[in-house]
Amino acid sequence: MKKGHYALGIVTIVLGGLGLLGSLIPIVNNISFVFGIIALILGIITLIISKKAKGKITLGLIGTILSVVTIILVLVSQSFYSKSIENATKDASETSSISSNGVKKADTTSSKKDSKKESSLELLNKLAANGKSTGDLMVTGTITVGKSSEVVPGIYDLEILSGSGNITGERKSVDSLFINYLGAVSGSDNGYPSKIRIILFDGDTLKLDSISKIKLTAVSKNTTAGDQLGQGEWVVGRDIKAGTYKLSTNGVLDEEYDNLGWTISQYDDTTGDSRDVQLNPSSKDVVMELKDGQVLSTSYDNTSDTVNADSVKLIFTTQK
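Residue numbers for the sequence shown follow the working numbering, beginning at 37 and rising by one.
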């Protein structure tokens, strides 16, 4: 090979090598693609000239191979990065806190209607439909909610069959929807409720202190909305209609304990916001605006051991 052909082969290898080094790096691989194309052209020219001059084709062949590998790697990596960005953007726009907890989404490929993001209310209705009632459960430790667990995701009435104590838990993703209740077997003299409505997502955990046996009864997807709620977690649009309400109760609000009564936490999955409201002797004039899909967590501080906590209700009166 003549000296000029040798130099052309070296340039081909250098360009192919530089292109190969940056072929997997985002943005940089655009330059690598240009280097690969130039190296491929020079490599082919070098091979043709070498053959005509009956010289060695080694340098031209190496440069050509490097350029082809560079081009292939750039195209593959750019395709991969493009799909990754597309999927990340899609997930960010479609996934809510509630749906990320194991609630099955609708098929988004069949029609324009199906591609519409499901509302929190729709997702919670699906969650309710997936629930499965349990028999009597002996509590031997922390209960983890899962599709293969004895407690599957769903909406339940939790009934305490033995013991008295705290019901707490950890949410896998919905940080603002706390689990923190007091409960006791029916007929106990501590004024705690024996039944509590609870929403359980995939991956959630339940911890029951000094409670040895419970039962979970799945709440149907189809429920009749009312204007009175007990203690637990309630879905606006399922358990109570959306609207503006003034709060009251059929329970005792003892003036001696001016800060004890009802505590209501209003969680909105659309915004991720949570708001606490108190109904007690020092705060009796309470009005709330409720929207479909919001979750209300309600708990009552019973100041009378003679009052059956299961019969105490939070009453919602519509405001015009």
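A virtual CB, placed ideally from N, CA and C, is assigned to each residue, including glycine. A quick note: this is a predicted structure, and the numbers were derived from the prediction, not measured.
1. Within the present structure, is the beta-carbon of residue 227 separated from the nearest heavy atom of the ligand FMN by less than 8 Å?
2. To which residues of the same chain is residue 173 closer than 8 Å at the C-beta, ignoring the five residues directly before and after it?
3. For the segment 271-298, list the beta strand (DSSP E) runs that are entirely contained and at least 3 residues long, ordered along the chain.
4. So residue 284 packs on residue 351, CB below 8 Å; how close in whole Å?
5. For the segment 290-300 against the segment 205-215, are there 3 or more C-beta pairs whose distance is under 8 Å?
6. Give me the Cα-Cα distance between residue 354 and residue 322, rounded to the nearest whole angstrom.
7. Whose C-alpha, out of 341, 235 and 116, is nearest the C-alpha of residue 303?
8. Between residue 182 and residue 241, what straight-line distance do the alpha-carbon atoms span, to the nearest angstrom?
9. Can you give me the start and stop residues for the beta strand (DSSP E) that residue 251 sits inside?
10. Would you please state the rounded distance, in angstroms, between the beta carbons of residue 281 and residue 332? I believe it to be under 8 Å.
11. With 9 Å as the threshold, decide whether the Cβ of residue 285 is near any Cβ in chain B.
12. Pick out whichever of 62, 217, 177 and 102 has its Cα sitting closest to the Cα of residue 71.
13. State the Cα-Cα distance for the pair residue 143 and residue 287, rounded to the nearest angstrom.
14. Cα-Cα, which of 232, 305 and 246 is closest to residue 269?
15. Which same chain residues, not among the five before or five after residue 246, have their C-beta less than 8 Å away from its C-beta?
16. To the nearest angstrom, how far is the alpha carbon of residue 276 from that of residue 161?
17. Going by beta carbon distance, what residues of the same chain come within less than 7 Å of residue 339, once the five residues before and after it are set aside?
18. Please report the distance separating the alpha-carbon of residue 329 from that of residue 159.
19. If I measure Cβ to Cβ from residue 262 and keep anything under 8 Å in the same chain, skipping five residues before and after, which residues do I get?
20. When DSSP labels each residue in this structure, what does residue 171 get in the three-state scheme?
21. If the criterion is Cβ atoms closer than 9 Å, does the pair residue 190 and residue 157 meet it?
22. Using the Cα positions of residue 260 and residue 341, report the straight-line distance between them to the nearest angstrom.
23. Run the CB neighbour count on residue 65, radius 10 Å, all protein chains shown included, and call it buried at 16 or more, exposed below.
By the coordinates alone:
1. Of the ligands one can find in the structure shown there are none, so the ligand FMN has no counterpart to examine.
2. These residues qualify, in order along the chain: 179, 186, 187, 249, 250, 251 and 252.
3. Taken in chain order, the whole beta strand (DSSP E) runs of length 3 or more contained in the segment 271-298 are 279-285.
4. About 5 Å separates the two Cβ atoms, so the contact holds.
5. The way I'd put it, the segment 290-300 doesn't touch the segment 205-215; fewer than three beta-carbon pairs between them come closer than 8 Å.
6. One Cα belongs to residue 354, the other to residue 322, and the distance between them is close to 12 Å.
7. It is 235 whose Cα lies nearest to the Cα of residue 303.
8. Taking the straight line joining both Cα atoms gives about 9 Å.
9. Note, residue 251: beta strand (DSSP E), 247-254.
10. Actually they do not touch by this definition, with Cβ atoms about 11 Å apart.
11. Protein chains in the displayed structure number just one, and chain B is not present.
12. Measuring from the Cα of residue 71, the nearest candidate turns out to be 102.
13. Unreliable placement is indicated for residue 143, whose pLDDT of 40 sits below 50; no coordinate value is reported for it.
14. Looking at the Cα atoms, 232 is the closest of the given residues.
15. So the list reads 199, 200, 201 and 202, once near-sequence residues are dropped.
16. So the alpha carbons of these two residues sit roughly 14 Å apart.
17. 288, 290, 293 and 296, listed in sequence order.
18. Taking the straight line from one Cα to the other gives about 9 Å.
19. Apart from the 5 residues on each side of it in sequence, residue 262 sits with its Cβ closer than 8 Å to the Cβ of 275 and 276 in its chain, given in chain order.
20. Looking at residue 171 - three-state DSSP - the assignment turns out to be coil, as it is neither helix nor strand.
21. Residue 190 is not a Cβ neighbour of residue 157, given a cutoff of 9 Å.
22. Rounded to the nearest angstrom, the two C-alpha atoms are 31 Å apart.
23. Counting Cβ neighbours within 10 Å, residue 65 comes out buried, since at least 16 surround it.
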